[in-house]
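Mapping the sequence shown onto full-length UniProt numbering, position 53 (from 1) lands on 53, and the numbers just tick up by one. Glycine residues also receive a C-beta, built at the ideal position from the N, C-alpha and C atoms. Just below is one structure, and these are the notes that go with it.
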Amino acid sequence: VPEELQVERDFILEAVALNGLALGYSPPEFVADREIASAAVRQNGMALQFVSADLKLDIGIVSMAALQNPEALGYAGSKEIRGAIDNLEKAPDEMKDNAGVVELAIQKSWEALAHASPRLRADRDLVLLALGQDAC
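Given below as structure tokens:
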């Protein structure tokens, strides 16, 4: 890739939307860019390993990555985020009201829905997901 394109934000955004792992070859200012990081982890959750340390603590970024590939959780910057997915009951309220975190928790155990925020307990898609987990 020509050097002049490697510093062009729009080019990087397009590149990571096609291949999230391209974020690993991006300059530091782009791995800290929330929009670019979001595009990368939506395309490939494992791109979470390349986002900035601050964004590895961002619940939205981490949950996007983990929804795309649950193994990406290993790159989350906070044990609290990983713990919330494993035990939603003891998670902070902010995480109980994050649809991505709750969805991941339900994928592990349908019973997690009971510990989600009231708003998310009423979410039709999450309820259906929990009901589907119960049938397994």
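Between Val102 and Ile81, the CB-CB gap reaches or exceeds 8 Å.
Leu88 sits buried, since 16 or more C-beta atoms from the chains shown fall within 10 Å of its C-beta.
Beta-carbon to beta-carbon, Gln133 and Ile106 are separated by about 6 Å, close enough to satisfy the 8 Å threshold. DSSP, read as helix, strand or coil, puts Ser109 in coil. For Lys79, the uninterrupted alpha helix (DSSP H) run begins and ends at Lys79 to Asp86, by DSSP.
Sixteen is the threshold: when 16 or more other Cβ atoms of the shown chains lie within 10 Å of the Cβ of Asp33, as they do, the residue is buried. Within the same chain, and ignoring the five residues on either side of Ala130 in sequence, the residues whose Cβ sits closer than 7 Å to its Cβ are Ile106, Trp110 and Leu113. The DSSP-derived three-state label of Glu89 is helix.
If you ignore the 5 residues before and after Leu55, its C-beta comes within less than 6 Å of the C-beta of Ala37 and Ile61, all in its own chain and listed in chain order. Annotation: the continuous alpha helix (DSSP H) that includes Phe11 extends over Arg9 to Leu18. The three-state reading of DSSP puts Pro28 in helix, counting H, G and I together.
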